Structures are given as C-alpha cells and as structure tokens.
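Printed below as a string of structure tokens:
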C-alpha cells in the first residue's frame with residue numbers, strides 16, 4: 051500500500067501543479083486525475099467512472115480573476131482512490147458510488163480553502179521579493195517564483211496524500227458500516243448527477259443558439275438510445 | 004543608446020517561462036511575479052551592463068498583472084518588443100505599463116470566455132463521452148482537443164506579440180476569437196446534450212413503456228433546466244451537491 055500512496059503523492063502533486071502554477075494543460079481535470087488514482091489503487095475503470103461524473107459538474111465555476119472554484123482535482127483524487135479501493139473490497143454498487151461522489155464535495159471545499167491559503171502565503175513571498183528587488187537583487191524574482199511553485203507543489207502533494215488517504219479510509223471503514231440496502235438509499239440520487247454535469251456545461255455555453263440545440267440533441271440521443279434498447 | 008538584440012536562447016527562455024505565469028499567483032499582484040520572471044531573460048539581454056536600468060525594468064513588471072494565462076503569451080511577446088524599444092531609447096518606459104494595463108483586461112475577458120467558457124467545456128464533454136468507450140480514449144481526446152488549440156494559440160500569440168504591439172493587435176483581429184468562442188460553445192452544447200441524453204436513457208428502468216420513457220425524458224430535461232436556473236441565480240454546484248448529500252443521509256435514516 052505504501053508504494054500506492056507514494057505514487058498518488060507524486061501524480062497528485064504533478065496534477066495540482068498543472069491546476070494553477072504551471073502549464074494549465076488540463077492534466078488536473080477530474081477525468082484524468084480520477085482515472086490515474088483508480089489505476090494507482092487497483093481499478094482504473096472504477097476511477098474513470100468517477101472522473102466521467104465529476105469532470106463536468108464544476109465547469110460552471112470559472113477560475114476568473116480572484117475567484118477560486120472548488121477543488122475538483124481533490125474531489126477526483128478522493129473519488130478515484132475510494133472507488134478503486136471499494137471495488138476491490140466491498141464492491142462498488144450504485145449506492146456506494148453515489149455516496150462517494152456526494153462526499154467528494156466536502157473534499158472540493160477543503161481543497162479550495164487550501165488553495166486560498168497558498169495564495170495568501172504567495173502574497174508574502176511576493177512582498178519579500180519586491181523588498182529584495184528594491185535592495186537591488188534582481189535574482190530574487192527567480193527565487194521568489196521558485197518558492198511559489200514549490201509551495202503549490204508541496205501543498206498539492208500533501209492534499210493528494212490526505213485526500214487519497216481519506217478515500218481509502220471511507221471505503222475501508224465508513225461504507226462497510228452500512229449494509230447494501232442502506233447504501234442503496236443513495237442510489238436513487240445517481241441519475242441526477244450526470245444531469246447536473248450537463249447543466250453545468252450548458253450554463254457555460256449558453257447563447258441564443260445553444261438552448262434549442264442542447265435540448266434537441268438530448269432528445270435525439272435519448273430517443274435513439276431507448277429505441278436501440280427496445281430493438282436489441 | 005542602442006539595446007543589445009534578444010538572443011535566441013533568451014527568446015526560448017521567455018517562451019518556456021510563460022508556462023509559469025501563475026507560479027506565484029497572489030491576491031495583491033496576481034500574476035506579477037510570473038510575468039517578471041518570464042520577461043527577465045529578455046531584460047538581461049537588453050540591459051546588459053546597465054544594472055540600474057535593468058532594476059527599473061524589473062520593477063515595472065512587478066506591478067499588478069492579471070489576464071487569462073494562455074493570452075498572457077501575447078502580452079508577454081509584445082512587452083519584450085516594447086522593452087527592446089525602451090532600452091534603445093526609442094520609447095517611453097511608461098508606454099509598457101499603459102500597454103499591459105490596456106490589454107490585460109480585455110484579453111482576460113476574451114480568453115476567459117474562449118478557454119474557460121467554450122474550449123474547456125467542449126473538450127471535457129467530448130472526453131467524457133469517449134471515456135464511456137475507454138477511459139484512455141477519453142483522456143486522450145480531452146488533452147488533444149484542449150491542448151491542440153491552447154498551445155497553438157499560445158505560440159501564435161507569442162510570435163505575433165514579438166512583432167510588437169501592432170502585430171499583437173493585428174493578430175487579435177485575424178484570430179477572431181469571438182467567432183471561435185461561439186462555434187465552440189455550440190459544439191459544447193451539442194455534446195452536453197448528447198451526454199445528458201445518454202445518461203437519462205441509461206437510468207430508465209427496464210421494461211418501461213413509450214409514455215413512461217417520454218415522461219422520464221421530460222423529467223430529465225426539466226431537471227437540467229432547473230439546475231441551469233439555479234446556476235444563473237448564483238447557486239454553486241457545491242451547494243447543490245451538499246443538498247443532495249443531506250437528502251441522501253436523511254434517506255439513509257428514514
């Protein structure tokens with residue numbers, strides 16, 4: 051198990067770096083992170099299922115200006131590791147899956163608080179850098195930026211460890227406390243989650259043209275799938 | 004006064020360093036540290052053997068700066084060219100600040116709308132749909148669709164910026180990002196509609212009749228509409244998920 055957590059820390063740290071500090075090449079997206087965490091904790095497909103659900107849900111919150119969206123990377127670390135671990139222990143039924151997705155909202159908010167903290171500490175780094183530059187030390191800019199990137203990376207690694215650990219603990223200790231019938235009470239909420247994701251994308255891309263297109267496509271794909279099922 | 008030319012090595016360094024524009028993001032100066040860090044190799048070339056002026060130039064770039072990170076490449080490239088002119092005595096140093104402040108807000112708005120409001124949702128929903136076939140296919144599609152456009156626009160923006168502020172403005176007109184934004188929003192809406200349709204059909208209980216399926220579809224469409232209205236009223240996805248979590252827990256103890 052130790053090597054799994056070490057790998058989770060390493061990959062999680064890289065994904066968190068991509069989130070804000072470096073590149074923004076979408077390596078931090080829930081689909082990528084949850085699949086990676088699923089692979090690390092023994093079931094890539096289970097992690098991917100979490101990623102497919104979480105990928106779209108938070109898209110409605112844009113990282114614009116000083117606003118910080120919920121930490122969907124952290125939610126994916128938690129959900130991916132928890133789903134993979136649960137699938138190899140108690141089994142990943144629809145109720146457990148839904149419960150994990152809903153519990154990930156707590157992680158997303160904790161991650162947001164951590165993100166704010168890092169940015170406040172970065173403010174101190176920036177002030178110290180400017181004082182050094184005032185004294186004539188131009189190299190302080192490079193050192194300050196390196197400090198900021200390191201802070202983002204270390205925080206990302208710590209969050210990856212904490213959230214993947216929380217995922218494993220929830221799957222190992224919390225979910226088994228409830229029987230399959232009890233966990234099933236969460237399952238009735240599962241159909242709502244992809245619709246929340248679709249609404250999130252729809253609200254991002256809303257223009258005069260898109261409203262009709264969205265619902266027409268939804269109807270066509272729904273009708274096609276139902277017909278396919280009936281004839282199959 | 005003549006400024007030394009920008010070496011190929013420094014140009015490459017500036018290009019690579021722009022990927023760390025948000026490396027020390029903070030509430031006071033936002034991307035100021037990242038911008039100063041990125042432009043530093045160019046300043047070292049232009050103000051070689053002129054430490055006092057180099058220091059002034061670095062301070063200029065430590066002032067508040069914030070824009071969409073990918074669009075920062077354009078401003079960075081143009082600022083390098085402006086700094087070269089300032090170092091050669093052909094331009095007023097204040098022109099750089101005016102140029103950056105003038106462009107960062109509008110480019111931020113254009114970039115946010117294009118990258119966060121259109122390209123990312125489109126790539127995400129395409130990735131999730133393909134991930135239903137195979138996770139790695141979905142991840143590949145997400146990264147390819149997003150970065151194909153993202154890295155191309157960064158490179159072209161930086162190159163256009165390096166031609167000077169005039170080149171930057173010309174490229175912006177030519178790039179027609181507003182049209183591209185609308186197109187990608189339309190594609191995102193189509194793909195999101197498909198995603199909603201797939202999942203709404205997936206959860207229909209087996210053996211339901213046609214009117215039952217129609218009722219289920221209408222319920223799903225109404226749910227999407229309700230969430231959209233809630234988002235418009237500034238209710239966040241976290242609040243909706245928290246509400247659902249509470250409902251689930253209450254249902255557990257029922």
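Chains as they are written, first to last, in the numbering used here: chain S, 51 to 282; chain A, 4 to 257. Cβ coordinates follow ideal geometry from the N, Cα and C atoms, glycine included. Quantities reported herein were computed from a predicted structural model and do not represent experimental measurements.
Can you name the residues of chain A whose CB is closer than 7 Å to the CB of residue i?
i	result
residue 252(S)	192, 195, 227 and 231
residue 173(S)	29, 30 and 31
residue 155(S)	241, 244, 245 and 248
residue 90(S)	None at all; the shortest Cβ gap to chain A is about 13 Å.
residue 260(S)	188, 189 and 192
residue 248(S)	195, 198, 199 and 227
Determine whether the Cβ of residue i lies closer than 7 Å to any Cβ atom of chain A.
i	result
residue 140(S)	no
residue 207(S)	no
residue 198(S)	yes
residue 194(S)	yes
residue 132(S)	no
residue 163(S)	no
residue 169(S)	yes
residue 147(S)	no
residue 60(S)	no
residue 264(S)	yes
residue 185(S)	no
residue 128(S)	no
residue 245(S)	yes
residue 152(S)	yes
Residue i lies in the alpha helix (DSSP H); which residues open and close that run?
i	result
residue 99(S)	94–107
residue 85(S)	80–90
residue 96(A)	Run containing residue 96(A): none; DSSP gives neither H nor E here.
residue 25(S)	Chain S is shown only over 51 to 282; residue 25(S) falls outside these bounds and no answer can be derived.
residue 137(A)	Taken as a continuous stretch (DSSP letters only), residue 137(A) belongs to no alpha helix (DSSP H), as it is neither H nor E.
residue 55(A)	54–64
residue 70(A)	Looking at the DSSP string, residue 70(A) is not in any alpha helix (DSSP H), and its letter there is neither H nor E.
residue 123(S)	122–137
residue 146(S)	144–184
residue 52(S)	52–69
residue 207(S)	190–219
residue 177(A)	168–178
Which residue wins for smallest C-alpha separation from residue i, given the options the options?
i	options	result
residue 108(S)	119(S), 114(S) and 102(S)	119(S)
residue 170(A)	90(A), 7(A) and 80(A)	80(A)
residue 191(A)	232(S), 247(S), 234(S) and 236(S)	247(S)
residue 172(S)	194(S), 272(S), 225(S) and 52(S)	194(S)
residue 249(A)	224(S), 155(S) and 196(S)	155(S)
residue 133(S)	157(S), 77(S), 52(S) and 89(S)	89(S)
residue 165(S)	66(S), 147(S) and 272(S)	66(S)
residue 189(A)	117(A), 45(A), 96(A) and 25(A)	117(A)
residue 179(A)	199(A), 196(A), 166(A) and 156(A)	156(A)
residue 130(S)	71(S), 234(S), 153(S) and 240(S)	153(S)
residue 268(S)	218(A), 202(A), 209(A) and 101(A)	202(A)
residue 31(A)	68(A), 41(A) and 54(A)	68(A)
residue 73(S)	38(A), 119(A), 73(A) and 55(A)	73(A)
residue 20(A)	225(S), 192(S), 53(S) and 126(S)	192(S)
residue 161(S)	261(S), 64(S), 149(S) and 125(S)	125(S)
residue 159(S)	242(A), 247(A), 255(A) and 186(A)	242(A)
List, in chain order, every chain C residue whose beta-carbon is nearer than 8 Å to that of residue i.
i	result
residue 181(A)	Absent from the structure is chain C; the protein chains it does hold are S and A.
Are the C-beta of residue i and some C-beta of chain S separated by less than 7 Å?
i	result
residue 186(A)	no
residue 142(A)	yes
residue 107(A)	no
residue 36(A)	yes
residue 95(A)	no
residue 251(A)	yes
residue 23(A)	yes
residue 10(A)	no
Output, in chain order, the set of chain A residues within a Cβ distance shorter than 9 Å of residue i.
i	result
residue 65(S)	Here the premise fails: no neighbours, minimum Cβ distance about 12 Å.
Residue i versus chain A: which residues are under 8 Å apart at the beta carbon?
i	result
residue 135(S)	Simply none; closest approach about 17 Å.
residue 159(S)	241
Give the interface partners of residue i over in chain S, defined as CB-CB distance under 9 Å, in chain order.
i	result
residue 119(A)	109, 112, 113, 114 and 254
residue 235(A)	253 and 256
residue 168(A)	None at all; the shortest Cβ gap to chain S is about 24 Å.
residue 220(A)	268, 269, 272, 273 and 276
residue 164(A)	Ordered by position in chain S, no residue passes the 9 Å Cβ test against residue 164(A), which lies about 18 Å from the chain.
What residues of chain S sit near residue i, judged by a beta carbon separation below 7 Å?
i	result
residue 131(A)	81, 102, 105 and 106
residue 72(A)	74
residue 68(A)	Near residue 68(A) there are no residues of chain S at all, since even the closest Cβ is about 11 Å away, more than 7 Å.
residue 224(A)	265 and 268
May I ask whether a heavy atom of the ligand FMN can be found less than 6 Å away from the beta carbon of residue i?
i	result
residue 241(S)	With respect to the ligand FMN, the structure shown offers nothing to examine, as it has no ligands at all.
For residue i, go through chain S and note every residue whose CB falls closer than 8 Å to its CB, in chain order.
i	result
residue 146(A)	75, 76, 77 and 82
According to a CB-to-CB cut-off of less than 9 Å, which residues of the stretch 94–116 of chain S neighbour chain A? Cβ contacts with chain A come from 94, 95, 97, 98, 99, 101, 102, 103, 105, 106, 107, 108, 109, 110, 111, 112, 113, 114, 115 and 116.
Scan the stretch 202–215 of chain A for residues whose Cβ lies nearer than 9 Å to a Cβ of chain S and list them as they occur along the chain. Listed by position, the residues of the stretch 202–215 of chain A near chain S (Cβ gap below 9 Å) are 202, 203, 204, 205, 206, 207, 209, 211 and 213.
Could you name the residues of the stretch 211–242 of chain S whose beta carbon sits closer than 8 Å to any beta carbon of chain A, in the order they occur along the chain? Hits within the stretch, in order: 228, 232, 235, 236, 238, 239, 240, 241 and 242.
Chain-ordered residues of the stretch 41–62 of chain A with a beta carbon less than 7 Å from chain S: If the cut-off is 7 Å between Cβ atoms, the stretch 41–62 of chain A has 43, 57, 58, 61 and 62 near chain S.
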